[in-house]
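The block underneath contains the structure these notes are about, expressed in structure tokens.
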Amino acid sequence: MENKLPFEGPLSEQRRKIDHLKKVGEEQKIDFSEEIARLEEAYKKLEDEIYSNLSGAQIMHLARVHSRPTTLDYINEIFEDFVELHGDRLYGDDLAIVGGIAKLNGVPVTVLGHQRGKDTKDNIQRFFGSPHPEGFRKALRFMQQANKFGRPIVTFIDTKGAYPGDSAEARGQSDAIARNLKEMAMLRVPVICVVVGEGGSGGALAIGVGNRVLMLENAIYSVISPNGAASILWKDASKADQAAEAMKITAKDLKSFGIIEEIIPEPKGGAHMDPSWQAEAVKTAIWRHLEDLSAMSPEALIEDRYRKFRSVGKFAAPELV
Amino acid sequence: MFKDLFQKKKYATVPSVSQTPAAGERPKREIPEGLMNRCPKCGNIQFSKEWEKNLKVCSTCGHHSRLNALERIAMTLDDGRFFETDADLTSEDPLEFPGYKAKLEQQKANSGLKDAVVTGEGEIGGFPVVVGVMSFDFFSGSMGSVVGEKVTRAIELAAAKKLPLLIFSTSGGARMQEGILSLMQMAKTSAALAKFQEDGGLFISVFTDPTLGGVSASFASLGDYILAEPGAIVGFAGRIVIEQTIRQKLPDNFQTAEFNLKHGQLDKVVHRKDMKAFLTKLLDMHSVGGPADGK
């Protein structure tokens with residue numbers, strides 16, 4: 002697969018050199034195999050160098066790569082017998098959220114997530130993965146159904162944020178998000194959330210109140226999109242890279258803040274380089290956490306989730322005497 | 069001859085005091101500092117003392133001006149008596165965000181507050197309540213770790229003392245300078261409310277101008293009763309962002325309290341002068357023992 006991001010330029014250049022040499026070798030029947038091996042070695046070194054030192058902004062660009070696997074890709078690779086369900090029973094069926102029931106290693110689970118489009122047409126009907134209130138309410142309906150039947154819940158987070166539209170506001174975008182946060186806190190079943198791409202703001206958190214929150218190595222999770230932050234802070238949306246650095250949005254950052262439990266590694270160059278390998282890695286992580294959580298009572302699960310979120314925050318408080 | 073006819077007569081000019089403003093332009097008048105107050109909405113000029121007696125509501129157009137948390141407390145609680153809790157919690161700079169520390173100091177100086185919410189206990193119409201009041205003049209009322217923690221502690225205090233909880237919100241949203249920690253305050257406050265309300269706790273939420281983003285999309289929208297002051301802007305996304313997304317101009321009344329009432333997003337729009345009486349009425353409804361009382 003071709004490397005396209007600016008910081009991947011040197012890799013493309015190196016690859017081009019190698020390909021060129023191979024071609025010349027074949028055409029003119031010259032044995033360049035030693036040369037090629039040397040170049041391949043250099044390529045690997047360069048690759049290590051580039052991908053082990055990614056900046057927050059570079060990771061943001063990787064998280065947004067169009068060909069990165071989406072929620073449905075993960076659902077189809079990881080689960081068996083997926084049955085997609087639809088609608089919030091109140092207004093409509095928001096395609097920015099997909100979900101249903103499926104089996105994970107034979108265990109019935111409820112699975113749902115944000116769904117970006119695969120192409121422009123798909124993106125338009127899915128609002129680029131940005132839900133309206135009916136999307137959040139659809140997700141809540143699935144989760145409450147899981148709660149009733151004692152099924153664990155797995156959510157995939159991949160959104161720029163809740164859809165900023167007039168009809169979304171009229172139908173209660175704030176209410177929909179707030180209600181999910183509150184209701185998720187009281188779910189009596191294990192909830193595992195995986196940030197697979199972009200975790201944007203309240204629209205991400207609205208399906209993100211889990212006992213365990215996992216993040217792919219090159220996913221991001223932020224309070225506001227770096228572009229939005231840049232336009233508010235510096236009146237310049239083009240300073241998104243700067244905002245991405247300042248807001249500390251990478252998996253490593255979030256692990257250090259204690260917001261997420263685990264970073265799921267990605268292949269070099271990102272999840273899109275090897276979607277099957279990536280899905281397997283995600284599946285392994287989900288299963289491991291699910292096994293842990295399955296031993297807990299409903300009350301213990303609620304308490305575990307509560308403690309996790311209750312403890313988040315950093316502030317100065319005077320010593321109690 | 070005609071030239072003479074149209075000749076301007078020469079009058080002495082007196083600087084005009086009340087010029088009618090051009091459409092869309094606000095009237096400009098010189099106002100002695102502190103003595104008079106000009107309504108930012110209709111331009112009407114009132115004596116400051118009258119305006120303050122009127123709870124900072126314009127006598128002409130009814131515009132409700134934004135209040136500092138301490139002003140709101142003084143006009144809402146019985147005799148303005150208030151026992152503040154967690155007054156000493158202050159923000160840190162967990163992300164080492166450029167400029168955040170300096171901005172915090174500046175906001176403290178501007179507002180006279182230590183962060184964007186003040187919490188504590190008092191009485192309304194004789195009913196004891198736990199109260200949280202946000203202040204837009206501190207960092208646009210944004211929610212970072214301190215706001216989230218103080219709101220959560222207020223909820224926990226109300227739960228422990230079995231008291232009703234009342235929160236006046238105003239906020240531009242989550243505080244970007246604390247990044248993901250700010251976002252998680254939405255989950256934290258909502259989870260605390262889930263517990264409180266599950267145990268039968270009463271939470272009255274009052275939206276004041278403006279309440280947006282992370283505060284609107286968390287605890288403020290979870291009231292058993294949701295009220296708003298007239299004209300208050302309440303919503304998730306800001307008007308400008310929405311206009312850019314849908315590439316349309318939105319009507320003037322978009323996201324106002326009245327708009328939200330019409331769309332089923334709140335229970336009642338309550339004028340500032342009626343707020344205390346209305347809150348008393350609600351609290352009273354919940355104080356009388358019904359069949360379940362004493363259970």
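Sequences listed follow chains A and B, in order. Using my numbering, the final residue of the first sequence is 322, and nothing's skipped along the way. Using my numbering, the final residue of the second sequence is 363, and nothing's skipped along the way. Backbone N, C-alpha and C fix where the C-beta goes; we use that ideal spot for every residue, glycine too.
Closer than 8 angstroms, CB to CB, is aspartate 167 of chain A near chain D or not? Any reference to chain D falls outside this structure, whose protein chains are A and B.
Segment contact, 8 angstroms Cβ cut-off, at least three pairs: the segment 148-160 of chain A with the segment 87-96 of chain A: no
Per DSSP, threonine 238 of chain B is paired with what? Threonine 238 of chain B is not bridged to any residue.
Give every residue of the same chain whose Cβ lies closer than 8 angstroms to the Cβ of aspartate 352 of chain B, excluding the five residues on either side of it in the sequence, and list them in chain order. Gly193, Phe195
Going along chain A, which residues have a C-beta under 7 angstroms from serine 289 of chain B? Ser175, Asp176, Ala179
Within a Cβ cutoff of 7 angstroms, which residues of the same chain sit near phenylalanine 322 of chain B, ignoring the five residues on either side of it in sequence? Arg307
Please list the terminal residues of the continuous beta strand (DSSP E) segment that includes glutamine 243 of chain A. No beta strand (DSSP E) contains glutamine 243 of chain A, which is instead part of the alpha helix (DSSP H) from 241-248.
Same chain, Cβ closer than 6 angstroms to glycine 114 of chain A, neighbours up to 5 away in sequence not counted: Thr72, Thr156, Phe157
Where valine 224 of chain A meets chain B, residues with beta-carbon distance less than 7 angstroms: Ala242, Met244, Gly247, Ile248, Ser250, Leu251
Is alanine 43 of chain A closer than 8 angstroms to alanine 245 of chain A when the C-beta atoms are compared? no
Span of the beta strand (DSSP E), counted from its first residue to its last, around isoleucine 221 of chain A: 221-223
Please state if the CB of leucine 22 of chain A and the CB of glutamate 36 of chain A are separated by a distance shorter than 8 angstroms. yes
Quick test of your reading: lysine 219 of chain A and leucine 294 of chain A, contact by CB under 8 angstroms. State the CB separation rounded to the nearest angstrom. With the sequence shown as reference, residue 219 of chain A is identified as asparagine, and lysine is not the correct amino acid for it. 26 angstroms between Cβ atoms; not a contact.
Going by DSSP, name the residue or residues bridged to arginine 221 of chain B. For arginine 221 of chain B, which the question treats as bridged, DSSP gives no partner whatsoever.
Should isoleucine 260 of chain A be flagged as near chain B, meaning a C-beta pair shorter than 8 angstroms? yes
Residue range of the beta strand (DSSP E) that aspartate 277 of chain B falls in? For aspartate 277 of chain B, the uninterrupted beta strand (DSSP E) run begins and ends at 271-279, by DSSP.
Determine whether the Cβ of serine 56 of chain A lies closer than 8 angstroms to any Cβ atom of chain B. no
Residue interval of the beta strand (DSSP E) (run including leucine 163 of chain B): Where leucine 163 of chain B is concerned, there is no enclosing beta strand (DSSP E), given that its DSSP letter is neither H nor E.
Please report the residue range of the alpha helix (DSSP H) in which phenylalanine 346 of chain B lies. Counting along the chain, the unbroken alpha helix (DSSP H) around phenylalanine 346 of chain B starts and ends at 340-353.
Taking C-alpha atoms, which residue in A:Leu234, A:Val112, A:Gly10, A:Ile31 lies nearest to glutamine 145 of chain A? Taking only the C-alpha atoms, the option nearest glutamine 145 of chain A is A:Val112.
Residues of chain A with a CB under 9 angstroms from the CB of glutamate 217 of chain B: which are they? Proximity of chain A to glutamate 217 of chain B at the Cβ level (cut-off 9 angstroms) is accounted for by Gly314, Phe316, Ala318, in chain order.
Here's the rule: buried if 16 or more other CB atoms are within 10 angstroms of the residue's CB, otherwise exposed. What is glutamate 297 of chain B? buried
Please list, in chain order, the residues of the segment 278-307 of chain A that have any C-beta partner in chain B closer than 7 angstroms. Tyr307
Within chain B, partners of arginine 90 of chain A - CB distance below 8 angstroms: None at all; the shortest Cβ gap to chain B is about 16 angstroms.
Based on the DSSP output, what are the partners of tyrosine 44 of chain A in its beta bridges? Note: tyrosine 44 of chain A sits in no beta bridge, so no partner.
Are phenylalanine 137 of chain A and alanine 255 of chain B closer than 8 angstroms when you measure CB to CB? no
By DSSP, does alanine 317 of chain A sit in helix, in strand, or in coil? strand
Check proline 89 of chain B in the structure and name its three-state DSSP category. Low local confidence applies: a pLDDT of 47 at proline 89 of chain B is under 50, so the model's placement there is unreliable, with the coordinate-based value given in what follows. Coil.
Measure the CB-CB distance between glycine 198 of chain A and aspartate 159 of chain A and report whether it falls below 8 angstroms. yes
Report yes or no: is there a C-beta of chain B within less than 8 angstroms of the C-beta of glutamate 170 of chain A? yes
Closest residue to phenylalanine 287 of chain B among A:Gly203, A:Gly229, A:Ile233 (Cα-Cα distance): A:Gly203
Using a threshold of 8 angstroms, state whether the C-beta atoms of glycine 188 of chain B and aspartate 146 of chain B are closer than that. no
Given a cut-off of 8 angstroms, decide if histidine 132 of chain B and aspartate 292 of chain B are closer than it, judged by their beta-carbon atoms. no
Quick one: using the 10 Å Cβ neighbour count with 16 as the cut-off for buried, is leucine 291 of chain A buried or exposed? buried
Considering Cα atoms alone, identify which of A:Asp176, A:Lys122, A:Val283, A:Ala140 is closest to leucine 334 of chain B. A:Asp176
On the DSSP letters alone, give me the boundaries of the beta strand (DSSP E) that lysine 104 of chain A sits inside. 98-105
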